[in-house]
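In this note's numbering, the protein residues as written are 384 to 709.
Note that CB positions come from ideal geometry on N, CA and C, so glycine has one too.
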Amino acid sequence: PIYKMAAVLLGRVVLLLCLISLSCSSSKLDEKVSQLMQWSMRKPLITLPSDKFTTFARTKPRNYSIVAMFTALKPQRQCTVCKEAYDEFEVLANSYRHSSQFSSKLFFVMVDIDEGGMDAFQTLRISTAPTYFHFPPTGKRQPEDSYSASRNGITAESLAKWVAERTEVHIMVVHPPNYTLMMVWMVAVLVGLVFVYWRRENLATLFDPTKWALLAMGIVLVMISGQMWNQIRGPPFAHRNPQTGETGYFSGTGQYQFVAETYCVMAMYGLISLGVLLLNKEISLPVTMEKGTPILGLALLVFVFSYLLGIFKMKYSGYPYKLFFG
Numbered sequence: 384p385i386y387k388m389a390a391v392l393l394g395r396v397v398l399l400l401c402l403i404s405l406s407c408s409s410s411k412l413d414e415k416v417s418q419l420m421q422w423s424m425r426k427p428l429i430t431l432p433s434d435k436f437t438t439f440a441r442t443k444p445r446n447y448s449i450v451a452m453f454t455a456l457k458p459q460r461q462c463t464v465c466k467e468a469y470d471e472f473e474v475l476a477n478s479y480r481h482s483s484q485f486s487s488k489l490f491f492v493m494v495d496i497d498e499g500g501m502d503a504f505q506t507l508r509i510s511t512a513p514t515y516f517h518f519p520p521t522g523k524r525q526p527e528d529s530y531s532a533s534r535n536g537i538t539a540e541s542l543a544k545w546v547a548e549r550t551e552v553h554i555m556v557v558h559p560p561n562y563t564l565m566m567v568w569m570v571a572v573l574v575g576l577v578f579v580y581w582r583r584e585n586l587a588t589l590f591d592p593t594k595w596a597l598l599a600m601g602i603v604l605v606m607i608s609g610q611m612w613n614q615i616r617g618p619p620f621a622h623r624n625p626q627t628g629e630t631g632y633f634s635g636t637g638q639y640q641f642v643a644e645t646y647c648v649m650a651m652y653g654l655i656s657l658g659v660l661l662l663n664k665e666i667s668l669p670v671t672m673e674k675g676t677p678i679l680g681l682a683l684l685v686f687v688f689s690y691l692l693g694i695f696k697m698k699y700s701g702y703p704y705k706l707f708f709g
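Following this line, the structure appears as structure tokens:
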């Protein structure tokens, strides 16, 4: 009987310890969720140093998901794409914060290597920035919990799609209005109206087909080369590799581009258009140029278009076609 009583007493002690452990665990979880909610209410994108990141993103208990971006925003790091990635990630976090999907089940976190994040970088063996990880509420991270920015891009829309796949939280991305662009358009319209009023007695120039054709071609070249995308996204002019020191003018992914890249593409489209025009025998050119004009036009068309296909193949690795380059 004494052994039976001891066994019963031991069982009750174990049960009491389990209850105390569960209570403490629940209390810790409530504190963590409460703290994350307070931070999110103040700023949707939470910046954490390594110790707090370990506490809130990697230490149990946890019943929420963490989507973290690891970056290097200091100017001395010379990571031009990091600032653009930060802006897009912040847009995603803000869109989530002000949507009906916002809850305590998902939080967005940023870890900067120069803002106390060195240990986190070393623990996760991160060697490039920006890098994105999803930390699920239960279980271990899967390969799909790592987001490839080089393959999928750094836009808020691409990140939102990945977040939906990993967390089942669908976020409608809302970009803030670009007031600078609106002011530029308003000034341009005002200047146009002033010009029309100034030339109101001689408006023949407004009906010149050549001027309208050049204007239309200029607008087309600007639009198809991605200049409007530059105004909306604000990409850097080029990218300098911090390891090799080389400057890249073309982005290696189809989801992103640099300003220099769009200028090159616009110039190539312009040369292709010029090549097509030179193939036309009806255009007015000096007599000394008429004989070689079609050959020059064909050369421009073939070689520039070939190079353009090569660039497209570089950005989309599965693209099967090429002409001379690529």
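Neighbourhood of residue i by C-beta distance below 6 Å, restricted to the same chain and skipping five residues each side
i    : result
F707 : S689
T550 : S448, L489
L405 : The predicted model places L405 with a pLDDT of 46, which falls under 50 and marks its position as unreliable; any figure quoted below should be read in that light. The answer is none, since no qualifying residue turns up.
L402 : Because L402 sits at a pLDDT of 49, beneath the cut-off of 50, its placement in the model cannot be relied upon, and the following sentence gives the value as read from the coordinates. For L402, where only same-chain residues beyond five positions count, there are no Cβ hits under 6 Å.
Residue from the options whose Cα sits closest to the Cα of residue i
i    : options                : result
Q640 : N624, S656, S608, L654 : S608
G617 : C465, L412, Q459       : C465
K698 : G635, Y479, L691, G658 : G635
R623 : A539, A643, G680       : A643
S533 : V546, W545, A682, T514 : T514
M493 : F439, G631, L412       : F439
G522 : R425, T506, L683, R441 : R441
R480 : P619, L419, F590       : L419
F743 : G536, M569, I496, V546 : There is no way to answer for residue 743, as the model of the chain reaches only from 384 to 709.
Status (buried if at least 16 other CB within 10 Å, exposed otherwise) for residue i
i    : result
S508 : The question names Ser, but residue 508 in the sequence shown is Arg. R508 comes out exposed.
E584 : exposed
N477 : buried
A682 : exposed
F518 : buried
M649 : buried
L598 : exposed
Nonlocal neighbours in the same chain, by C-beta distance under 8 Å from residue i, ignoring five residues either side
i    : result
D434 : G499, D502
G701 : none
Beta carbon of residue i nearer than 8 Å to that of residue j
i    : j    : result
T511 : Q638 : no
Y704 : L691 : no
I615 : N561 : yes
L564 : E471 : no
C462 : A455 : yes
F453 : F504 : yes
P677 : L657 : no
S482 : I429 : no
P620 : I694 : One detail in the question is off: residue 620 reads as Phe in this sequence, not Pro. No, they are not a contact pair.
Sequence-distant residues of the same chain with beta carbon closer than 7 Å to residue i, five excluded per side
i    : result
Y652 : L604, I607, S608
T645 : S608, G609, Q610, N613
Across the stretch 446-459 and the stretch 487-496, are there enough close Cβ pairs to call them in contact, namely three or more that are closer than 8 Å? yes
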